[in-house]
Amino acid sequence: MRRPIASRDTNWARQIAKALAGRGVTPNLVSASSVVFAALAALCLVMAARVDSKGIEIALFIGAALCIQFRLLCNLFDGMLAVEFGKASALGPIWNDFPDRPADVLILVGCGYSGGPEWMPIVGWSAAALALLTAYTRVLGAAIGGGEYFTGPMAKQQRMAVATISCVLAAIEVGLDRPHYVM
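One gets the working numbering by counting positions in the sequence shown from 1 and adding 1 to each.
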């Protein structure tokens, strides 16, 4: 069962997936790329708390938001390449799911270290642990025959939407010389 993603049925997504397939890009490469974008997002987030320039801090928060969205685009295109363009491999199911785990950890922990109160890293690590637990529970449920369910209040898309919006709001806070309440 595939996770329902509305953007999968859009013309722009089909055109990009077709272009990627035409260039010989594999779904597994796209899946691995999602971790690279997550690492870049985490780097932006951690650096945002450590720079002295307001402009650079804003740019880092916006950069993190963009990298989070690129991570999600990788999640969209890896499945489209595998299913719609017949590029699935024997290891595809592992490549489809596994990179999401370190990507979640990188982004959520990065959010925790992006500024704010001294206890924020604990929140980031806790969010990462809960995301991992949720994913493994889904996989375990499928393994024992219960099927895969992509529902709940904080599925991957919702977690990343909250992280992206938080990055944008944090950039606005910095621009307005406000204390770090969002992140």
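Note that CB positions come from ideal geometry on N, CA and C, so glycine has one too. As the structure is a prediction and not an experimental result, all values here were calculated from the model.
Using a Cβ distance threshold of 8 Å, W96 and G113 do not count as a contacting pair. Of the other Cβ atoms in all chains shown, fewer than 16 fall within 10 Å of the Cβ of V52; this residue is therefore exposed. Using a Cβ distance threshold of 8 Å, S115 and R72 do not count as a contacting pair. If one requires a minimum length of 4 residues, the alpha helix (DSSP H) runs lying completely within the segment 29 to 86 are 55 to 84, in chain order. Counting only the Cα atoms, G147 lies some 30 Å from I69.
Counting the other Cβ atoms within 10 Å of the Cβ of T165 gives 16 or more, which makes it buried. Of the other Cβ atoms in all chains shown, fewer than 16 fall within 10 Å of the Cβ of E119; this residue is therefore exposed.
Just measuring C-alpha positions, the residue of A7, E174, L177, S167 sitting nearest F78 is A7.
Under the three-pair Cβ rule at 8 Å, the segment 21 to 28 counts as touching the segment 76 to 95.
In this structure, I17 and A172 do not form a Cβ contact; the two beta carbons are roughly 27 Å apart against a cut-off of 8 Å.
Our two residues, G117 and A40, have alpha carbons roughly 20 Å apart in a direct line. Linking A104 to L177 through their CA atoms gives a straight-line distance of about 30 Å.
The three-state secondary structure of E119, taken from DSSP, is coil. Around the Cβ of F151, a 10 Å sphere holds fewer than 16 other Cβ atoms; the residue is exposed.
In the three-state DSSP reduction, Y182 falls in the coil class, being neither helix nor strand. Residue L92 holds the alpha-carbon nearest to the alpha-carbon of A33 among A50, L92, V84, I57.
Within the same chain, Cβ atoms closer than 6 Å to the Cβ of A49 are found at E58, L61, F62, S115, the five residues on either side in sequence being excluded.
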